[in-house]
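> Handing you this structure, nothing more for now.
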Amino acid sequence: MSSRFPFTANPIGWFMVAYSDELKPAGVMPLHYFERELVLFRGQDGVARVLDAHCPHLGAHLGHGGCVVDNNITCPFHGWRFDGSGSCVAIPYAKKIPPAAMLRRWPVCERNGMIFVHHAPDESYAPTWEVPVLPEHESAAWTGTTRRRWRVRTNVHEIIENAFDVAHFCFVHGAVRLPESRVTMDGPSFQVCSRTAFETPAGVIEGDLDIDTYGFGMFIARYHGVMESLIIATLTPIDGEFVDLRFTFSIKRLPDEAATAFVAQQFIADACHQVEQDIAVWEHKKFLARPLLCEGDGPIGLFRKWARQFYPVPTLRARAL
């Protein structure tokens, strides 16, 4: 547990570990997330699977030199072969497989061109909700995606809490007035709908920003104004200090392709500038379990009550949550 935060860096939920096109058929990829070494591989059947990375035989890392045979992954050191459940199914030089020859299997969901892993303290925590299907994904009405990525010294909790902190939009992002926000919560998800106004070279531009959040691993930001845009933000804990933050952008096509490209370029540049403004704060701020809040700050207390569900183990949870 990081000394900066009174709770674990690794809450329960779905977290993105790769884009689908990064893992080819029979591909193998080493991962380091949740303070663990993992291996991601795609079987000949096209299904992505994730296991703990180190072979229980003599500790070789399956993600470095391991290969896929059928729908199994083979250890590069002695050829032990593991299926998607984590069971050892073959040892080329042994007649019997030790009963303890097992690796932890991590639930995987591949959706919207992304691969997600369900993190939990142990295998007794089965997923209780699903990653949503996004209607914009592969729609001809929307552009292809543009990707940006940051390694941020913070906690996923801080990034999600940012959506409730309405006052910072004026002082960090240049909004001309406090956003008018409405919050709806439903189990592991919540939606924040805001009316915003920003000063631009063309004058004050107003628009609606809808943020749909699913656990601590993903939020979807849809902006409706002079154009319609989509940001899929995924945030995955690396260790006790850092988060892997990815933004995946798409724009609803305008009648003119050149105009679409120009608007997309401007929107992506502005969105990246805004998140980098936030990063400069996140990396140096201190989490306060009992912040001194006032009128206009937004429903931060409501968010922290909602967040408790992702810290079911008392030792992982801050007492103030």
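With UniProt numbering, the residue at position 177 of the sequence shown is 177, and numbering never jumps. Ideal Cβ positions, reconstructed from N, Cα and C, are used throughout, including at glycine.
1. Going by DSSP, what residues sit across from HIS32 in a beta bridge?
2. With distances taken between CB atoms, is the gap from residue 330 to PRO255 smaller than 9 Å?
3. Could you tell me the boundaries of the alpha helix (DSSP H) in which TRP14 lies?
4. At a cut of 8 Å, does the region 265 to 278 reach the region 189 to 197 through at least three beta carbon pairs?
5. Would you call ALA258 buried or exposed, if buried means 16 or more other Cβ atoms sit within 10 Å of its Cβ?
6. Find the nearest neighbour of GLU35 within the set PHE41, ARG105, PRO237, judged by alpha-carbon distance.
7. Could you name the residues of the same chain whose beta carbon sits closer than 6 Å to that of LEU245, not counting the 5 residues immediately before and after it, in chain order?
8. Rounded to whole angstroms, what is the Cα-Cα separation between ALA48 and CYS294?
9. Any heavy atom of the ligand MN inside 8 Å of the beta-carbon of ALA221?
10. Helix, strand or coil: which one does DSSP assign to GLY207?
11. Which two residues bound the contiguous alpha helix (DSSP H) that contains residue 337?
12. Using a Cβ-Cβ cutoff of less than 6 Å, which residues in the same chain neighbour PRO188 once the five nearest sequence positions on both sides are dropped?
13. Tell me the residue span of the alpha helix (DSSP H) that contains ALA307.
14. So what's PHE310 in DSSP terms, helix, strand or just coil?
15. What whole-angstrom Cβ distance do GLY86 and LEU103 have, given they're in contact under 8 Å?
16. Which word fits THR66, buried or exposed, when buried means at least 16 other C-beta atoms lie within 10 angstroms of its C-beta?
17. Pick out whichever of PRO25, LEU58, ASP52, ASP212 has its Cα sitting closest to the Cα of ASP45.
18. Can you give me the start and stop residues for the beta strand (DSSP E) that residue 337 sits inside?
19. Could you pull the DSSP bridge partners for THR143 from this structure?
20. If I follow the unbroken alpha helix (DSSP H) through HIS157, where does it start and stop?
21. Tell me which same chain residues have a C-beta within less than 7 Å of the C-beta of THR143, skipping the five on either side of it?
22. Rounding to the nearest angstrom, what Cα-Cα distance links residue 322 and ASN72 in this structure?
23. Within 10 angstroms of the Cβ of THR196, are there 16 or more other Cβ atoms? Answer buried if so, exposed if not.
24. Is PHE164 helix, strand or coil by DSSP?
25. In whole angstroms, give me the CA-to-CA distance for PHE303 and ILE97.
26. Going by C-alpha distance, which of GLY296, GLU110, ALA163 is nearest PRO132?
27. Along the beta strand (DSSP E) that carries HIS118, what are the first and last residues, could you check?
28. What did DSSP end up calling GLU130 once you bin it into helix, strand or coil?
Per the coordinate set shown:
1. HIS32 pairs with GLU37.
2. As displayed, the chain neither begins before 1 nor continues past 321, which places residue 330 out of reach and without an answer.
3. Segment 13 to 19 is the beta strand (DSSP E) holding TRP14; no alpha helix (DSSP H) there.
4. Counting Cβ pairs under 8 Å, fewer than three are found: no touch.
5. By the neighbour-count criterion, in which a residue is buried when 16 or more other Cβ atoms sit within 10 angstroms of its Cβ, ALA258 is exposed.
6. Checked all of PHE41, ARG105, PRO237; the closest Cα to GLU35 is PRO237.
7. Correct list, in chain order: TRP150, VAL152, LEU235.
8. Computed Cα separation, rounded: 47 Å.
9. This structure lacks the ligand MN, and indeed carries no ligand of any kind.
10. GLY207: strand per DSSP, three-state reduction.
11. No answer is possible for residue 337: the residues shown for the chain start at 1 and end at 321.
12. If you ignore the 5 residues before and after PRO188, its C-beta comes within less than 6 Å of the C-beta of TRP129, GLY215, all in its own chain and listed in chain order.
13. Counting along the chain, the unbroken alpha helix (DSSP H) around ALA307 starts and ends at 300 to 307.
14. If DSSP states are grouped into helix, strand and coil, PHE310 belongs with the helices.
15. Under the criterion of beta carbons closer than 8 Å, GLY86 and LEU103 qualify as touching, at roughly 4 Å.
16. Correcting the residue type first, residue 66 is Gly in the shown sequence and not Thr. Buried, since its Cβ has 16 or more Cβ neighbours within 10 Å.
17. Nearest in C-alpha terms to ASP45, of all of PRO25, LEU58, ASP52, ASP212, is PRO25.
18. This structure leaves residue 337 out entirely; the chain is present only between 1 and 321.
19. Beta-bridge partners assigned by DSSP to THR143: none are found.
20. For HIS157, the enclosing alpha helix (DSSP H) covers residues 156 to 161.
21. Shown here for THR143: same chain residues with a beta carbon closer than 7 Å to its own, the five before and five after excluded, namely SER250, ILE251, ARG253, THR260, ALA264 in chain order.
22. It is not possible to answer for residue 322, since the shown part of the chain is limited to 1 through 321.
23. When all chains shown are included, THR196 counts as buried.
24. DSSP, read as helix, strand or coil, puts PHE164 in helix.
25. Whole-angstrom Cα-Cα distance: 49 Å.
26. Closest option to PRO132, Cα to Cα, is GLU110.
27. Counted as a single uninterrupted DSSP element, the beta strand (DSSP E) harbouring HIS118 occupies residues 114 to 119.
28. Per DSSP, reduced to three states, the secondary structure at GLU130 is coil, with no helix or strand assignment.
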